[in-house]
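Under our numbering, the first residue of the sequence shown is numbered -14, with each subsequent residue one higher. Backbone N, C-alpha and C define an ideal beta-carbon position, used for all residues, glycine too. Below is one structure, written out as structure tokens; the observations come after it.
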Amino acid sequence: MKKPKLRELGEAIKAVIKGPYTTKFPFVAPSIYPEFRGKPVFVEENCILCGACEQICPVDAIDVRDIINDDGTATRIMHRNYNQCIWCSMCSQLCTVGDGNIFGDKAGIKITNEFDLSTLDKETAQEQIEGELVLCEKCGKPITSKKHLLWLAERLGTKAFQNQTLFLTKMKELGLTDEEYPYTTDEILREDLNKILCPSCRRAAMMKEDWGF
Ligand code: SF4
Ligand code: SF4
């Protein structure tokens, strides 16, 4: 029989005296580095439901679901599937409202230290948040979330008054107008400029205003 080398023998004696090198997880929680990039989670109070993280995610773990309800209202859902997520943190680092710090408190997605995601329940392998979706008052197509429009209006300050969609969304939020226009597919008119419009309808209304067609 081959004799063990001295170094290996030393390691074996040390292990007998000090105990095993491995932790007793899951019975004992392991110590985690504060910068360990674990499970990403949406932060509802920060997220403006802009959908940029869906574009950034390299594995399509995030999807934006725009739903038009029977009562004419609309909802945007930001949904994440943890079965696809590779914990790269790009969604948090490049979040529209974040400052690049994935552990900070500004971004719409926070990277937690949580790593133990084994489950038999598919429902716990996903998460979602939702908010109001704004529809074009001319064609009825989704524009973006209300929170996104209000965030843009806030960032632009007085410059937001140049865009009626931002201006009217802000006015409605402040309760200064409660005008609602059920959408119609009628011909676009100059007066439609003063409605909440998607980019295509605003372009068409501008053409009507400037060129008459
Ligand atoms: S605010 Fe950030 S987390 Fe929320 S949808 Fe936009 S990019 Fe994603
Ligand atoms: S951590 Fe990476 S893979 Fe996971 S949702 Fe964010 S961008 Fe996608």
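Exposure of D163 is indicated by the presence of fewer than 16 other C-beta atoms within 10 angstroms of its C-beta. The segment 71 to 88 makes no contact with the segment 120 to 127: fewer than 3 CB pairs, one atom from each, lie closer than 8 Å. The three-state reading of DSSP puts R65 in strand, counting E and B together. By the C-beta density criterion, I(-2) is exposed, having fewer than 16 other C-beta atoms within 10 angstroms. Taken in chain order, the whole beta strand (DSSP E) runs of length 3 or more contained in the segment -2 to 76 are 25 to 27, 47 to 53, 59 to 66. Nearest C-alpha to P184 among Q149, E158, D195: Q149.
Here I96 really is in contact with G23; their C-beta atoms are around 7 Å apart, less than 8 Å. The DSSP-derived three-state label of T129 is strand. When Cβ pairs closer than 8 Å are counted between the two stretches, the segment 55 to 63 is seen to touch the segment 108 to 118, the count reaching three or more. In its chain, beyond the 5 residues on either side, G83, D84 have a beta carbon closer than 6 Å to the beta carbon of K91. With a threshold of 16 other beta carbon atoms within 10 Å, A46 meets it and is buried. Judged by DSSP secondary structure, L120 falls within the beta strand (DSSP E) whose first and last residues are 111 to 120. Linking E108 to D101 through their CA atoms gives a straight-line distance of about 15 Å.
Between ligand 2 and R65, a heavy atom-to-CB distance of less than 8 Å is present. Secondary structure remark: continuous alpha helix (DSSP H) runs of at least 4 residues inside the segment 134 to 168, in chain order: 149 to 158. Closest in C-alpha terms to C80, from the list P25, E176, K180, E158, comes P25. Relative to the non-hydrogen atoms of ligand 1, the Cβ of G83 comes within a distance shorter than 8 Å of at least one.
One thing to note: P11 has its Cβ no nearer than 9 Å to the Cβ of N98. Nearest in C-alpha terms to A59, of all of E(-7), K131, Y67, N31, is K131.
By the Cβ neighbour-count rule, L137 is buried, with 16 or more other Cβ atoms within 10 Å of its own.
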